[in-house]
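Structure first, then comments.
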Amino acid sequence: MKLFVFIVILFITATVQSQPLPRNMVFGKKPSTKGLIMANKLEAFIGKRARINVSISGLVTLVTKSKGGWFDIDAGNGKVITAHFKNYNINIPTSLKNHYIVAEGVAAKQFIAADSQHFAGDKDNHGHRTKPVKKQVITFEVKGLRVDK
18 MKLFVFIVIL
28 FITATVQSQP
38 LPRNMVFGKK
48 PSTKGLIMAN
58 KLEAFIGKRA
68 RINVSISGLV
78 TLVTKSKGGW
88 FDIDAGNGKV
98 ITAHFKNYNI
108 NIPTSLKNHY
118 IVAEGVAAKQ
128 FIAADSQHFA
138 GDKDNHGHRT
148 KPVKKQVITF
158 EVKGLRVDK
């Protein structure tokens, strides 16, 4: 009898966890769709600016941490936008993966010191050779997120 009750409880929890996220589910504050930009066009839109307030739409490729809302958005051509919520108290489900979202927040280019600036003025006695990295990482601090599809 205990085995039967255990199997029924296990079946119920499995079906509850596998339900899809409802469309228009909001995490944080409701994002604005005014001036909405696709995630694959964000890098070109930022241009030479370091930070910008923007709303983006894109596909979530990975939920890194549920607590604090850490996830990755596909930026096209193999690029990824790493995103997290400004408010750490927000929990997002791991089933957000492969869903299209609309997110509002601050997009920023991350500074990468790969041009040997840390060796400036130093004599190279240790044989350090670094290759400059041309790839810039874009981070996105989310204020609000809505599940689109």
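Numbering (our numbering), first residue to last: 18 to 166.
Yeah, the Cβ is synthetic: ideal placement off N, Cα and C, and Gly gets one too.
Nonlocal neighbours in the same chain, by C-beta distance under 8 Å from residue i, ignoring five residues either side
| i | result |
| --- | --- |
| Ile107 | Phe44, Gly45, Gly85, Gly86 |
| Met42 | Arg163, Val164 |
| Lys58 | none |
Beta-carbon proximity list for residue i, same chain, < 6 Å, skipping 5 on both sides
| i | result |
| --- | --- |
| Leu76 | Asp91, Tyr117 |
| Leu53 | Ser72, Ser74 |
| Ala47 | According to the sequence as given, residue 47 is Lys; it is not Ala. Once the five neighbours on either side are set aside, the close Cβ partners of Lys47 are Gly161. |
| Lys166 | Tyr117 |
Burial state of residue i (16 or more Cβ within 10 Å)
| i | result |
| --- | --- |
| Arg40 | exposed |
| Arg163 | buried |
| Ala67 | exposed |
| Phe128 | exposed |
Simplified DSSP state of residue i, which is helix, strand or coil
| i | result |
| --- | --- |
| Asn70 | strand |
| Asn108 | strand |
| Phe128 | coil |
| Ser35 | Interpretation of Ser35 is limited by its pLDDT of 48, a score under 50 that renders its predicted location unreliable; the figure taken from the coordinates is listed afterwards. If DSSP states are grouped into helix, strand and coil, Ser35 belongs with coil. |
| Lys82 | strand |
Backbone CA spacing between residue i and residue j [nearest angstrom]
| i | j | result |
| --- | --- | --- |
| Val123 | Lys51 | 15 Å |
| Glu60 | Val154 | 9 Å |
| Gly95 | Thr78 | 11 Å |
| Val33 | Gly64 | Reliability of the predicted coordinates at Val33 is poor, the pLDDT of 47 falling under 50, and the value obtained from them is presented with this limitation in mind. If I take the Cα positions, the gap works out to 44 Å. |
| Ile69 | Val119 | 16 Å |
| Ser35 | Phe102 | Residue placement at Ser35 cannot be trusted, given a pLDDT of 48 that sits under 50; the coordinates are not used to answer. |
| Glu121 | Ser49 | 7 Å |
| Ile98 | Ser112 | 18 Å |
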